[in-house]
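Contents: one structure, followed by commentary.
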Amino acid sequence: MKSYFSISLVISSKTIPAESISDHVGLTPTETRLLGTPTKTGVLRRPEFDVHEWWIRDELELGPGDRVEDLQPSFITEFLNRVSVAGHRIREMADNERVKIIFVYQMDRVPYVGLSSSQIEKIAALGASIDFDIMVD
Numbered sequence: 006m007k008s009y010f011s012i013s014l015v016i017s018s019k020t021i022p023a024e025s026i027s028d029h030v031g032l033t034p035t036e037t038r039l040l041g042t043p044t045k046t047g048v049l050r051r052p053e054f055d056v057h058e059w060w061i062r063d064e065l066e067l068g069p070g071d072r073v074e075d076l077q078p079s080f081i082t083e084f085l086n087r088v089s090v091a092g093h094r095i096r097e098m099a100d101n102e103r104v105k106i107i108f109v110y111q112m113d114r115v116p117y118v119g120l121s122s123s124q125i126e127k128i129a130a131l132g133a134s135i136d137f138d139i140m141v142d
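For what it's worth, the numbering used here labels the leading residue of the sequence shown as 6, then goes sequentially.
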């Protein structure tokens, strides 16, 4: 299994489809899912968990000698700088819709997980919650 670190901005809504989120935010998503359609793995969500999903995702594949601790600070900052250009529009969405920043670590050990104060401020300015998913082989 490959080792990687990814970061995503996810906006989900019961009522606003992905194309309307794109129009409002002004950014192009990496992927979307419409309410009522299967997930990437082919699963249909139960109605109470089914929402429109809009994602921007970047992934950093880690080689055998790479340490995520050395690479993640600039990777996170670059991603947040890119999505922050639409910060006020994303924040408007966060007033009524779910906005999350998701960090995924897939590796052979438990990584150091940390954010700088400026990264936390940028995430807070988006009105986003933070979700960490750590998968260790």
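No residue lacks a Cβ here, since even glycine has one placed at the ideal position from N, Cα and C.
- Beta bridge pairing from DSSP links F108 with I12, F137.
- Annotated three-state conformation of L131 is coil, per DSSP.
- Of the residues assessed, L39 falls on the exposed side of the cut-off, its CB having fewer than 16 other CB atoms within 10 angstroms.
- For the pair of segments examined, the region 10-28 was found to touch the region 75-92: the number of CB pairs separated by less than 8 Å reaches three.
- Rounded to whole angstroms, the Cβ separation of V56 and S18 is 6 Å, and the two are in contact under 8 Å.
- With fewer than three CB-CB distances shorter than 8 Å, the region 93-110 does not count as touching the region 40-49.
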